[in-house]
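Participant: Pasting a structure here, questions to come.
Protein chains: 2
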Amino acid sequence: MKVIELHESVTESNDKDAAELRKSLSYEGITLINIMSSPGSGKTTLLSRIIKDIGNKVKIGVIEADIDSSVDAEAIEKLGVKSVQAHTDGMCHMDAGMTRAAIEELGRDFDIIFLENVGNLICPAEFDAGAHINLMISSITEGDDKPLKYPLMFKESDILVVSKIDAMPAFNFDLDKFSERVKGLNPDIKIFPVSAKTGEGMACLENSLLIR
Amino acid sequence: MKVIELHESVTESNDKDAAELRKSLSYEGITLINIMSSPGSGKTTLLSRIIKDIGNKVKIGVIEADIDSSVDAEAIEKLGVKSVQAHTDGMCHMDAGMTRAAIEELGRDFDIIFLENVGNLICPAEFDAGAHINLMISSITEGDDKPLKYPLMFKESDILVVSKIDAMPAFNFDLDKFSERVKGLNPDIKIFPVSAKTGEGMACLENSLLIR
Numbered sequence: 016m017k018v019i020e021l022h023e024s025v026t027e028s029n030d031k032d033a034a035e036l037r038k039s040l041s042y043e044g045i046t047l048i049n050i051m052s053s054p055g056s057g058k059t060t061l062l063s064r065i066i067k068d069i070g071n072k073v074k075i076g077v078i079e080a081d082i083d084s085s086v087d088a089e090a091i092e093k094l095g096v097k098s099v100q101a102h103t104d105g106m107c108h109m110d111a112g113m114t115r116a117a118i119e120e121l122g123r124d125f126d127i128i129f130l131e132n133v134g135n136l137i138c139p140a141e142f143d144a145g146a147h148i149n150l151m152i153s154s155i156t157e158g159d160d161k162p163l164k165y166p167l168m169f170k171e172s173d174i175l176v177v178s179k180i181d182a183m184p185a186f187n188f189d190l191d192k193f194s195e196r197v198k199g200l201n202p203d204i205k206i207f208p209v210s211a212k213t214g215e216g217m218a219c220l221e222n223s224l225l226i227r
Numbered sequence: 016m017k018v019i020e021l022h023e024s025v026t027e028s029n030d031k032d033a034a035e036l037r038k039s040l041s042y043e044g045i046t047l048i049n050i051m052s053s054p055g056s057g058k059t060t061l062l063s064r065i066i067k068d069i070g071n072k073v074k075i076g077v078i079e080a081d082i083d084s085s086v087d088a089e090a091i092e093k094l095g096v097k098s099v100q101a102h103t104d105g106m107c108h109m110d111a112g113m114t115r116a117a118i119e120e121l122g123r124d125f126d127i128i129f130l131e132n133v134g135n136l137i138c139p140a141e142f143d144a145g146a147h148i149n150l151m152i153s154s155i156t157e158g159d160d161k162p163l164k165y166p167l168m169f170k171e172s173d174i175l176v177v178s179k180i181d182a183m184p185a186f187n188f189d190l191d192k193f194s195e196r197v198k199g200l201n202p203d204i205k206i207f208p209v210s211a212k213t214g215e216g217m218a219c220l221e222n223s224l225l226i227r
């Protein structure tokens, strides 16, 4: 596992860079999935579960982006999947240039590359990382009011994973109200309530990632 | 309840502004407490509990900072406490100038002013908001690895509230390992495990806020 230090791209046109990266990955048959959420929503846990479930069907590579530490990339490597740990030099997001630099290190011999973005509901939504699918996670422990407070993240995402549903009995989380708020912001978003712990809902989510 | 639109301060010297704000509040006998955490760690829930518990002993005012929505300020006003909702113009933190502007709206006839910062573990730690106490919340549902990933926030905080401990049986959270990691970054930080739901640990936390 490599650890790379990234810095904000000097280019002014992130949207253009992102479109080019997406196109070049498509050309090579690679799907880039950008996973975004608050800290502690369960990005690495979900990713580990997906790798265990479908890692024998598709070749998966992982970019772990964090300000500090390499604990996530180490956890992923233990599953036998190639990963790079990208440190973002204090920045709270990955842009297209940074993602491209991380892919240079990771290589391109994959069907799916997961980018686990920095844990943050604000900045990552503002930068197109060049992904084909923006997948956000919102855990039920965070409460059902998150769409009201972080609308951009919900608007920019293609897939919304509602995580930790096994803990539902211990929390006041109204899934209907939450889904209604989300659909009000983004009518096209696909919502998957799951528990990476018990496996509930995982097959349905994984199928949607494989079908593309 | 007022909603005010704030913009990044034009001044270059946030540290100087913060020191001046802190001094002027001290002079008037006001303690400013800056509450920081991930989205959904329970800032508003904790604050509501504190207001119910000690609101009859001290005069409390609240600044709610968010990118969007006014749900938090509305929840606080229902408890009979004066609050202003500050919108941060897309920014993921409050600086000293923004905090000062919010206090202008709120008034200064208080013993304690709580600033509920934007839900984010990165940016708010980088800007001194002029508070006397930096209080961060980390919920057990977020996992015990957060100090490894967001070291600055743990270093900059005076008080760490470990929230949602009532849900401990449903999560793999090692409080000893977590505390050890935190103390490694910040030996002087005071750690309070609490449940705002059941009230466990709240009296101890509240005493520490009142003693100052």
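Sequence order for the protein chains is D and P. Residue 16 is where the first sequence starts when you use the numbering used here, and the numbers rise one by one after that. Residue 16 is where the second sequence starts when you use the numbering used here, and the numbers rise one by one after that. Using N, Cα and C, we set each Cβ at its ideal position, and we do this for glycine too. Computed from a predicted model, the values in this text were never measured in an experiment.
1. Can you tell me where the alpha helix (DSSP H) with T114 (chain P) in it begins and where it stops?
2. If you compare alpha carbons, which of D:D81, D:R123, D:V209 and D:D126 is closest to G134 (chain D)?
3. In three-state terms, what does DSSP make of I75 (chain P)?
4. Are the C-beta of K58 (chain D) and some C-beta of chain P separated by less than 7 Å?
5. Can you tell me which residues form a DSSP beta bridge with K67 (chain D)?
6. With 7 Å as the threshold, decide whether the Cβ of T156 (chain D) is near any Cβ in chain P.
7. For A185 (chain P) and chain D, any beta-carbon pair shorter than 7 Å?
8. If the cut is a Cβ gap below 8 Å, which residues of chain D does A182 (chain P) touch?
9. List, in order along the chain, the chain D residues whose C-beta lies closer than 8 Å to that of L163 (chain P)?
10. For a cutoff of 7 Å on Cβ pairs, would you count S52 (chain P) as touching chain D?
11. Buried or exposed for C219 (chain D), please, with buried defined as at least 16 other CB atoms from any protein chain shown within 10 angstroms of its CB.
12. What residues of chain D sit near P139 (chain P), judged by a beta carbon separation below 8 Å?
13. Using only the alpha-carbon positions, how far apart do S39 (chain P) and G145 (chain D) sit?
14. Which stretch, first to last residue, makes up the beta strand (DSSP E) that contains M106 (chain D)?
15. What residues in its chain sit with their C-beta under 7 Å from that of S210 (chain P), if we drop five residues either side in the sequence?
16. Would you report the Cα separation of F125 (chain P) and V176 (chain P), rounded to the nearest angstrom?
17. Could you spell out where the alpha helix (DSSP H) holding P184 (chain D) opens and where it closes?
18. What separation, rounded to the nearest whole angstrom, lies between the Cα atoms of A140 (chain P) and I148 (chain P)?
19. With H, G and I counted as helix, E and B as strand and the rest as coil, what does DSSP make of F207 (chain D)?
20. Do we get a CB-CB distance below 7 Å when we pair G55 (chain D) with the residues of chain P?
21. To the nearest angstrom, report how far apart G105 (chain D) and E157 (chain D) are at their CA atoms.
22. Taking just the CA atoms, how far does I226 (chain P) sit from I69 (chain P)?
23. Taking D32 (chain P) as the query, report the chain D residues whose CB atoms sit under 9 Å from its CB, ordered along the chain.
24. With burial defined as no fewer than 16 other Cβ atoms inside 10 Å of the residue's Cβ, what is the status of K192 (chain P): buried or exposed?
25. Can you tell me whether N49 (chain P) is buried or exposed, with buried defined as 16 or more other CB within 10 angstroms of its CB?
26. Mind pulling the chain P residues with CB within less than 7 Å of P166 (chain D)?
27. Taking 8 Å as the cut-off, does the segment 77 to 91 of chain D touch the segment 54 to 68 of chain D (at least 3 CB pairs, one atom from each stretch)?
28. From this set, P:T103, P:G76, P:S172 and P:A117, which residue's C-alpha is nearest K97 (chain P)'s C-alpha?
29. For Y165 (chain P), does the count of other Cβ atoms within 10 angstroms reach 16, so buried, or fall short, so exposed?
30. Could you tell me the boundaries of the beta strand (DSSP E) in which K17 (chain D) lies?
31. Give me the Cα-Cα distance between K214 (chain P) and E119 (chain P), rounded to the nearest whole angstrom.
32. Just checking: is the beta-carbon of D160 (chain D) within a distance shorter than 7 Å of some beta-carbon in chain P?
33. Is any beta-carbon of chain D found at less than 7 Å from that of L136 (chain P)?
Facilitator: Taking the structure as given:
1. A111 to L121
2. D:D81
3. strand
4. False, the Cβ-Cβ gap to chain P never drops below 7 Å.
5. Answer is none; K67 (chain D) lacks a bridge partner.
6. yes
7. yes
8. The answer, in chain order, is T156, A182, A185 and F186.
9. D83, S84 and V86
10. no
11. exposed
12. Near P139 (chain P) there are no residues of chain D at all, since even the closest Cβ is about 11 Å away, more than 8 Å.
13. 48 Å
14. Segment: none, M106 (chain D) is in no beta strand (DSSP E) and carries neither H nor E.
15. K179, I180, D181 and G216
16. Cα-Cα distance, rounded: 23 Å.
17. Here P184 (chain D) belongs to no alpha helix (DSSP H), and DSSP marks it neither H nor E.
18. 13 Å
19. strand
20. yes
21. 24 Å
22. 12 Å
23. Simply none; closest approach about 22 Å.
24. Result: exposed.
25. Looking at its Cβ environment, which holds 16 or more other Cβ atoms inside 10 Å, N49 (chain P) is buried.
26. Correct list: D83.
27. yes
28. P:G76
29. Its Cβ being crowded by 16 or more others within 10 Å, Y165 (chain P) is buried.
30. K17 to E20
31. In the sequence as displayed, the identity of residue 214 (chain P) is Gly instead of Lys. Rounded to the nearest angstrom, the two C-alpha atoms are 33 Å apart.
32. yes
33. yes
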